[in-house]
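J.:
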Amino acid sequence: MFSFDYDGGKPVGSAVVLFFRQTVYAILGFGVGAAVLSVRLSVWQQLAPQLLLVGIILLALVLIPGIGREVNGSARWLPLGPVNLQVAELIKLFAIIYIADYLQRHQGQVKTAMSSIIVPMLFLGIASFLMLLQPDMGSIVVILSTVVTMLFLGGARLSIFGLMIGILSGLFYLLVMLAPYRLQRLQSFMDPWADPFGSGFQLTQALIAFGRGDWLGVGLGSSMQKLFYLPEAHTDFLYSIIAEELGLIGALAVIALFFVFIWRALKVGRAAELAGQHFGAQLAYGIGIWLGIQACVNMGVNMGALPTKGLTLPLMSYGGSSLVIVCLAIALLLRVDLETKQPEMAAARVRR
1060 MFSFDYDGGK PVGSAVVLFF RQTVYAILGF GVGAAVLSVR LSVWQQLAPQ
1110 LLLVGIILLA LVLIPGIGRE VNGSARWLPL GPVNLQVAEL IKLFAIIYIA
1160 DYLQRHQGQV KTAMSSIIVP MLFLGIASFL MLLQPDMGSI VVILSTVVTM
1210 LFLGGARLSI FGLMIGILSG LFYLLVMLAP YRLQRLQSFM DPWADPFGSG
1260 FQLTQALIAF GRGDWLGVGL GSSMQKLFYL PEAHTDFLYS IIAEELGLIG
1310 ALAVIALFFV FIWRALKVGR AAELAGQHFG AQLAYGIGIW LGIQACVNMG
1360 VNMGALPTKG LTLPLMSYGG SSLVIVCLAI ALLLRVDLET KQPEMAAARV
1410 RR
């Protein structure tokens, strides 16, 4: 972590500060995760609508001048004393909890009636609109992709699934064409070398990092790209530095670790589904899909396979909100596994 956090473009000692902060966030994440692990899934299911409503309210508060904090032209943070909460990270988890509850309660309707998905998509549409005003297209893509996949796994008809994909694709096309900076990002993604010192600078520097890494990398802590060259090397473009310092082998190892995590999450979900715990199953599926999509998008952006998005690499990029929320999500995943393996917990959940 210390190696990847070092940035030659920042004052001496900044790497130590970032390392210390991330360590504090990790400890906080473990503490929050331990607390969440002790809470029954029934509690989360009962609170699902309220959690999504709280998330939407927080998204609105972020946009109010004097309340939300703007960084690099985006109002995404809510100051909470010494820390800043990135509300979009919270809404990702709240949306998954809400959809898992909705699928459990309306399982029959989702499989037969197109009108059954109007209510959840309306709430998520409001949340997406508020994130669009920040702006935060990356989080919108992750949330909607996760929700659509959850609905598909929940039994939504292929016609409904196809219609949603078509509508969302059309909306994203309009959003890109109507915003000059988004269109510029798309153009620089198509050919970053056309303007390597302008709009394509970040992507070209990331690709150079991959090239320097070769098979085995230049060595841990020996990256050159993080020294003045690659912006956001410790957050959005951390994967490029991993590839540079640890090479193709290290980069593939990271992909393998995420693959194992996603496979385990889906396996937990399948076990819960077979045990009749439909809420827990959908929750586990959602968490695995969310973190898998976000990791794929982040790594795809770093490799030049996807347009640039402001998304972190789960559990690896610097960022307190992301780390703590992901720890919370993993704790929920462990809780699903725990209640599946201990039927008496599930029975107590039903009685409640």
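Our numbering applies: residue 1060 is where the sequence shown begins, and numbers increase by one. Beta carbons: idealized from backbone N, C-alpha and C, even for Gly.
Within 10 angstroms of its Cβ, does Leu1392 collect 16 or more other Cβ (buried), or is it exposed?
T.: Looking at its Cβ environment, which holds 16 or more other Cβ atoms inside 10 Å, Leu1392 is buried.
J.: Look at the Cβ atom of Ile1199, then the Cβ atom of Met1190, and state whether they are nearer than 7 Å.
T.: Taking 7 Å as the Cβ cut-off, Ile1199 and Met1190 qualify as a contacting pair.
J.: Would you call Ser1039 buried or exposed, if buried means 16 or more other Cβ atoms sit within 10 Å of its Cβ?
T.: Because the chain spans 1060 through 1411 in this model, residue 1039 falls outside it and cannot be assessed.
J.: Might you give, ordered along the chain, the residues of its own chain that have their beta carbon closer than 8 Å to the beta carbon of Glu1304, omitting 5 neighbours on each side?
T.: Correct list, in chain order: Ser1062, Phe1063, Gly1272, Gly1276, Val1277, Gly1278, Leu1279, Gly1280, Ser1281, Ser1282.
J.: Are there three or more Cβ pairs, one per stretch, closer than 8 Å when the region 1205-1213 is compared with the region 1153-1162?
T.: The region 1205-1213 is in contact with the region 1153-1162.
J.: Would you check if the distance between the CB atom of Gln1327 and the CB atom of Ala1315 is smaller than 7 Å?
T.: It is worth fixing the name first, because residue 1327 is Val in this sequence and not Gln. Cβ atoms of Val1327 and Ala1315: not closer than 7 Å.
J.: Just reading off the alpha helix (DSSP H) that Val1200 is part of, what are its end residues?
T.: 1196-1212 is the extent of the alpha helix (DSSP H) around Val1200.
J.: Helix, strand or coil for Glu1148 per DSSP?
T.: It is helical.
J.: What's the C-alpha gap between Gly1184 and Leu1203?
T.: One C-alpha to the other measures close to 9 Å.
J.: Of the choices Asn1361, Ala1147, Glu1332, whose alpha-carbon is the least far from that of Phe1188?
T.: Nearest option by C-alpha distance: Ala1147.
J.: Cutting at 6 Å between CB atoms, please list the residues of its own chain near Asn1357, excluding the five before and the five after it.
T.: Excluding sequence neighbours, Asn1357 sits near Leu1370, Leu1372.
J.: Around the C-beta of Asp1396, are 16 or more other C-beta atoms found within 10 angstroms, so that it is buried, or is it exposed?
T.: It is buried - the Cβ of Asp1396 has at least 16 other Cβ atoms within 10 Å.
J.: Are there 16 or more other CB atoms within 10 angstroms of the CB of Ser1218, so buried, or fewer, so exposed?
T.: By the 10 Å Cβ count, Ser1218 comes out exposed.
J.: Provide the residue span of the alpha helix (DSSP H) that contains Ser1218, from first to last.
T.: 1217-1237 is the span of the alpha helix (DSSP H), which, as asked, contains Ser1218.
J.: Does the region 1321-1337 come within contact of the region 1247-1259, defined as at least 3 CB pairs closer than 8 Å?
T.: No: fewer than three Cβ pairs fall under 8 Å.
J.: Just to confirm, is the Cβ distance from Leu1286 to Met1375 under 7 Å?
T.: For Leu1286 and Met1375, no; Cβs fall outside 7 Å.
J.: Going by C-alpha to C-alpha distance, which of Ala1302, Ala1265, Gly1306, Tyr1232 sits closest to Leu1289?
T.: Residue Ala1265 is the option with its Cα nearest to Leu1289.
J.: Give the straight-line distance between the Cα atoms of Leu1139 and Ser1101, rounded to the nearest whole angstrom.
T.: Near 29 Å, if we compare the C-alpha coordinates of Ser1101 and Leu1139.
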